[in-house]
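2 protein chains.
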Amino acid sequence: MKKRYRNGEIWDFEHEIGELGNREVILGLDGGTTSTVCVCMPIFPFSDPFPDPLPVLARAVAGCSNHNSVGETAARETLEQVMADALLKSGSNRSAVRAVCLSVSGVNHSTDELRILNWLREIFPTHVKLYVQNDAVAALASGTMGKLHGCVLIAGTGTIAFGFTEDGRQARAAGAGPVLGDWGSGYGIAAQALTAIVRAYDGRGPLTILSSNILQTLGLSSPDELIGWTYADPSWARIAALVPVVVSCAEAGDRVAHEILQDSVEELALSVKAVVQRLGLCGEDGKASFPLVMVGGVLEANKRWDIGKEVVNHISKSYPGVLPIHPKVEPAVGAALLGWNFLMTESHKEACKR
Amino acid sequence: MKKRYRNGEIWDFEHEIGELGNREVILGLDGGTTSTVCVCMPIFPFSDPFPDPLPVLARAVAGCSNHNSVGETAARETLEQVMADALLKSGSNRSAVRAVCLSVSGVNHSTDELRILNWLREIFPTHVKLYVQNDAVAALASGTMGKLHGCVLIAGTGTIAFGFTEDGRQARAAGAGPVLGDWGSGYGIAAQALTAIVRAYDGRGPLTILSSNILQTLGLSSPDELIGWTYADPSWARIAALVPVVVSCAEAGDRVAHEILQDSVEELALSVKAVVQRLGLCGEDGKASFPLVMVGGVLEANKRWDIGKEVVNHISKSYPGVLPIHPKVEPAVGAALLGWNFLMTESHKEACKR
């Protein structure tokens, strides 16, 4: 019963909230490899367009909740804590929650989804609607304001392309982590840059200013020390944090850095094209328009060497109808909007049955 | 004092050995990412040629002792246990040891060497000579019978090329682990194969029989399940164990598997060429002969698709003087011979001083 005891501590604040907690809310969670965000949104009436700005009661942030990266126990603790924090900040308790939409990286299979659903069910009363999705789904919803149509490309520490058709078919590409070839990701870019330093040092590759710039950033004096640095900590985010250095080296004219970014662009574009083709998002003539929601630090780099812009250019050569969207709200808000949409759809269906 | 207590248990057998332990011995250790081997060899008189077969008193085997892979505590325990096992089997105790030559992967920097030396000093009496080397050095010595000249290429779970000139200069290439681009390694080959399965599945890459053959080997029913399988266990050796499946797919004519092996050949050859060029092992005209000791499961594949043979073909286009050697003794014996050579050299120097 250790678990229950821990739950008890996390949820202790609920005794203090009392009647304040009557306003009905939705929790939207975005759990990535680097951080986890939970927002608490009030239930607002079905309307078109959405209220602007969207009413967000509270926002809480925690660390990594990808169970493939930190293990299941740590992932669960992080998710439970961040939900409790968001409810505490909004002055709500669990009985006020109508729905939880948990969109978390590492959900790759229906068994992953079911495991998380079972565990959420231990935390929330039975009337609470629970939805578990891959984190890409919330990211798409953040660009389409809760509508599941089009494709999303995430490129942060990891990368994935995820698409939906209006009739509910879905497809994904990449998102399989660094061992399984997510080369366009922030981790992929930075690992290639570290590799280029080793290769320049041992004579396998050309000289590059990545060597001096990255070693200086890491406070290391020799490429020899990179090996110890790399394996001292298994965190992918720690390596991905070097992407800005690679971008600045490419902007300074370094050929090796430029080629690494160019490879990343091709890999990211390839993921999107694979999804678009499988779902037929481009129509039969390949020219139909479709939204491409672009999310993550690698695509947001507002620099001269703009990876996101190059990815769109690359895709538009095959699919000229691509409509890039840079979301105005964060993925956790996308998850809350998605939860709201699911809830409205279910309510509507139930009302029709009566 | 927990450490001392543990030592006490490991070395308990010494009380039983008594006078039997008077014969002087050398311990040679080869610590790789997959396993660790320790041999116990008697001191034999300086002679040329070596006794054939070499007298080996005992051999013990343990798991991984690369501190980058399993952590420092586990690596130390493994090394201590395997030395104790070899001494126990040979009926010797620590006071009979003249020299220990520990050749272990993960020794990349003088600080790594010093840390292991200090720790060995806690185990052995002060008169015991201690030598710590990267595991590539023992592998070279296993092909040259203890002489440090030429180049060794290891390709097992990991890969490294290491070379020595007769006047004592040394150079290495690769050996920086999977994150830092050891693509020709067993891990590299297998990770590329797993990646090819994911890419075929999500539409980014061509279809390949790697999918059915590897999934069947792993007992998985869908490529989706590969992600969970891959990250369930961080062992690199577990992934590298799939190399034979990749080789058999290439032999069956699969283009994707063939290209993965071809890439591996190019990467491995590039490592050797980088070392040969930096050390000038090929002479000024590039045609001088030099030994290339070839070690590790990837190079030993005695199949139609022979990676080792292709690597030599590739190198000989640049350096026709390459003389491939497949060692007749294992790297741990190479380490013992190296320890014997170091010991003889030191004894000779001391005798000259007198």
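For the protein sequence lines, the chains are A and B, in the order given.
The opening position of the first sequence corresponds to residue 1 in the UniProt record's numbering, with each subsequent residue numbered one higher.
The opening position of the second sequence corresponds to residue 1 in the UniProt record's numbering, with each subsequent residue numbered one higher.
Backbone N, C-alpha and C define an ideal beta-carbon position, used for all residues, glycine too.
9 Å Cβ cutoff met for residue i and residue j
i, j, result
"residue 156 of chain B", "residue 295 of chain B", "yes"
"residue 142 of chain A", "residue 335 of chain A", "yes"
"residue 182 of chain A", "residue 158 of chain A", "yes"
"residue 160 of chain B", "residue 198 of chain B", "no"
"residue 58 of chain B", "residue 79 of chain B", "no"
"residue 184 of chain A", "residue 77 of chain A", "no"
"residue 98 of chain A", "residue 343 of chain A", "yes"
"residue 323 of chain B", "residue 153 of chain B", "no"
"residue 170 of chain B", "residue 279 of chain B", "yes"
"residue 85 of chain B", "residue 105 of chain B", "no"
"residue 269 of chain B", "residue 39 of chain B", "no"
"residue 318 of chain B", "residue 349 of chain B", "no"
"residue 82 of chain B", "residue 128 of chain B", "no"
"residue 150 of chain B", "residue 173 of chain A", "no"
"residue 23 of chain A", "residue 42 of chain A", "yes"
"residue 311 of chain A", "residue 243 of chain A", "no"
Residue i at chain A interface by Cβ criterion, 9 Å
i, result
"residue 73 of chain B", "no"
"residue 153 of chain B", "no"
"residue 231 of chain B", "yes"
"residue 5 of chain B", "In this predicted model, residue 5 of chain B has a pLDDT of only 40, less than 50, meaning its place in the structure is not dependable; the value taken from the coordinates is given anyway. It does not: the Cβ of residue 5 of chain B has no partner Cβ on chain A nearer than 9 Å."
"residue 275 of chain B", "yes"
"residue 54 of chain B", "no"
"residue 314 of chain B", "no"
"residue 234 of chain B", "yes"
"residue 108 of chain B", "yes"
"residue 59 of chain B", "no"
"residue 173 of chain B", "yes"
"residue 271 of chain B", "yes"
"residue 195 of chain B", "yes"
"residue 228 of chain B", "yes"
Within-9 Å CB hit, residue i to chain B
i, result
"residue 135 of chain A", "no"
"residue 198 of chain A", "yes"
"residue 121 of chain A", "no"
"residue 337 of chain A", "no"
"residue 225 of chain A", "yes"
"residue 33 of chain A", "no"
"residue 176 of chain A", "yes"
"residue 344 of chain A", "no"
"residue 1 of chain A", "Legend: pLDDT at residue 1 of chain A = 31, less than 50; position of this residue unreliable, value from coordinates given subsequently. Answer no: the Cβ-Cβ gap between residue 1 of chain A and chain B never drops below 9 Å."
"residue 69 of chain A", "yes"
"residue 81 of chain A", "no"
"residue 260 of chain A", "no"
"residue 239 of chain A", "yes"
"residue 202 of chain A", "yes"
"residue 179 of chain A", "yes"
"residue 191 of chain A", "yes"
"residue 167 of chain A", "no"
Closest by C-alpha distance to residue i, when choosing among the options
i, options, result
"residue 306 of chain B", "B:171, B:258, B:9", "B:258"
"residue 251 of chain B", "B:208, B:283, B:234, B:216", "B:208"
"residue 179 of chain A", "B:140, B:148, B:232, B:129", "B:232"
"residue 168 of chain A", "A:329, A:139, A:281, A:91", "A:281"
"residue 235 of chain B", "B:190, B:277, B:225", "B:190"
"residue 359 of chain B", "B:122, B:350, B:341", "In the structure displayed, chain B extends from 1 to 354; residue 359 of chain B sits before or after that span and is not available."
"residue 61 of chain B", "B:219, B:36, B:23, B:100", "B:36"
"residue 31 of chain B", "B:247, B:149, B:107", "B:107"
"residue 186 of chain B", "B:13, B:300, B:321", "B:300"
"residue 117 of chain A", "A:125, A:130, A:126", "A:130"
"residue 224 of chain A", "B:151, B:239, B:175", "B:175"
"residue 285 of chain A", "A:304, A:264, A:321, A:311", "A:321"
"residue 132 of chain B", "B:247, B:275, B:103", "B:103"
"residue 72 of chain B", "B:113, B:212, B:297", "B:113"
Counterpart residues of residue i in DSSP-defined beta bridges
i, result
"residue 163 of chain B", "B:151, B:171"
"residue 303 of chain A", "Answer by DSSP bridge pairing: none, since residue 303 of chain A is not bridged."
"residue 27 of chain B", "B:40, B:100"
"residue 134 of chain B", "B:104"
"residue 62 of chain B", "B:36"
"residue 294 of chain A", "A:153"
"residue 353 of chain A", "The partner list for residue 353 of chain A (beta bridge, DSSP) is empty, contrary to what the question assumes."
"residue 129 of chain A", "A:99"
Distance cut-off 8 Å: residue i Cβ against heavy atoms of the ligand FMN
i, result
"residue 252 of chain A", "Ligands in the displayed structure: none, and consequently the ligand FMN is not present."
Please go through the region 308-350 of chain A and give each complete beta strand (DSSP E) segment of 3 or more residues, from N-terminal end onward. 322-325
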